[in-house]
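Following: one structure in structure tokens, then a few remarks.
2 protein chains.
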Amino acid sequence: MAAKRQTRAPVFAALGDETRLSLVAKLCGGRPYSISQLTQGSKLTRQAITKHLRVLESAGIVHSVRRGRESRFEFDPQPIEGIKQYLDSVSEQWDQALSRLKSFVEE
Amino acid sequence: MAAKRQTRAPVFAALGDETRLSLVAKLCGGRPYSISQLTQGSKLTRQAITKHLRVLESAGIVHSVRRGRESRFEFDPQPIEGIKQYLDSVSEQWDQALSRLKSFVEE
DNA sequence: CTAATATGCAACCCGGCGGTTGCTTAAGAT
DNA sequence: ATCTTAAGCAACCGCCGGGTTGCATATTAG
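First to last, the sequence lines map onto chains R and X. Quick note on the numbering used here: the first sequence kicks off at 29 and runs consecutively. Quick note on the numbering used here: the second sequence kicks off at 29 and runs consecutively.
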């Protein structure tokens, strides 16, 4: 699974939009929502919401399941876990840099 | 500086680019880098790198300090800590949904 | 002083993104 | 069989983002 590297930028990009963030906020509650349901309350068109959902889907953050005439979207946690790990590694590097600096000053 | 709330989408967007991710990777090591230094090794132009740095700066992830004729960029950890917290809340919601589902199935 | 280095500024190009409108097709409801 | 609701498809639009080139300016080196 080493070939999966360098693929977290699209995940960040997918989350880099307020509309998409609110969609994620709704969907991560566990319950699936149809496109129409997700459009309710939003000032945007159904097609606009659909496009945003496709972006999230391409990033692997959600997936759709056709159910009758509606397609229900469900949350998928793996990509977000992935970027959480990445951010942890960034923080860790930073913390190590800080402690190196501190011990340097102290000596 | 309290009126900064609900502004994590720009942070995600700033990280939604491979070039910017590698800049962050370099800068989070603690050592400041000038624009020319950051351009070294990259196939991009100095101006391209500069633009990326400005994007990161607007998101609060880095800041520049003028030093003589060069401007050195340094990492700033707060915005990334912010989105880490946000992602934690998403994961938490998801986990709670899972456990609710589990206990529902079990009864 | 002069040359070289580091950056800033501005214009420009192109492609993709966010969003809309219009029409079509698929499934339920009556 | 018909009406209605959910969604897909496609074209179109304005705009911003990533990238380049060209030139101007400031600071350091010789």
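Glycine included, each C-beta is placed from N, C-alpha and C at the ideal position.
Query raised in the report: Any C-beta of chain X sitting closer than 9 Å to the C-beta of R/E109?
Result: Within the first sequence, numbered from 1, the residue matching residue 109 of chain R stands at position 81. Yes, because at least one Cβ of chain X sits closer than 9 Å to the Cβ of R/E109.
Requested in this report: Within its chain, find whatever has a CB closer than 7 Å to the CB of X/A31; leave out the 5 residues flanking it on each side and keep chain order.
Outcome: In the second sequence, counting from the first residue as 1, residue 31 of chain X sits at position 3. Note that X/A31 has pLDDT 43, beneath the 50 cutoff, so the model's placement of it is unreliable and the number below is only indicative. So the list is empty, once near-sequence residues are dropped.
Report task. Just grab the DSSP bridge partners of X/Y61 for me. Result -> Position 33 of the second sequence, counted from the start, is the residue given in the question as residue 61 of chain X. In DSSP, X/Y61 forms a bridge with X/F101.
Requested in this report: Output the residue ranges of the alpha helix (DSSP H) runs that lie fully inside the region 73 to 100 of chain X and measure 4 residues or longer, sorted by chain position.
Outcome: Along the region 73 to 100 of chain X, the alpha helix (DSSP H) occurs as fully enclosed runs of 4 or more residues at 74 to 86, listed in sequence order.
**Report entry** chain X within 9 Å of R/S131, Cβ atoms only
**Finding:** Translated into positions along the first sequence, residue 131 of chain R becomes position 103. False, the Cβ-Cβ gap to chain X never drops below 9 Å.
Query raised in the report: Which residues in the same chain as X/E98 place their Cβ atom closer than 8 Å to its Cβ, once the five residues preceding and following it in sequence are excluded?
Result: Locating residue 98 of chain X in the second sequence gives position 70, where the first residue counts as 1. So the qualifying residues of the chain are S62, I63, S64.
Query raised in the report: Are the C-beta atoms of X/A37 and some chain R residue less than 9 Å apart?
Result: Counting from one through the second sequence, the residue named residue 37 of chain X turns up at place 9. Proximity of X/A37 to chain R, defined by a Cβ-Cβ separation below 9 Å, is satisfied.
Query raised in the report: Hey, how far is the Cα of R/G57 from the Cα of X/A42?
Result: Here residue 57 of chain R refers to the residue found at position 29 when the first sequence is read from its first residue. Here residue 42 of chain X refers to the residue found at position 14 when the second sequence is read from its first residue. Rounded to whole angstroms, R/G57 to X/A42 spans 26 Å at the Cα level.
**Report entry** Within chain X, partners of R/A41 - CB distance below 9 Å
**Finding:** For the purposes of this step, residue 41 of chain R is taken as residue 13 along the first sequence, with counting starting at 1. Here the neighbours are F40, A41, L43, G44, D45.
Query raised in the report: CB X/E109 to CB R/S117, shorter than 9 Å?
Result: Here residue 109 of chain X refers to the residue found at position 81 of the second sequence. Here residue 117 of chain R refers to the residue found at position 89 of the first sequence. For the pair X/E109 and R/S117, the CB atoms are not nearer than the 9 Å cut-off.
**Report entry** Per-residue DSSP class, three states only, for X/V118
**Finding:** Numbered from 1 along the second sequence, position 90 holds the residue referred to as residue 118 of chain X. For X/V118, the three-state secondary structure derived from DSSP is helix.
Query - Residue-chain proximity (X/K71, chain R), Cβ-Cβ < 9 Å - result: Translated into the one-based positions of the second sequence, residue 71 of chain X becomes position 43. Not one chain R Cβ lies under 9 Å of X/K71.
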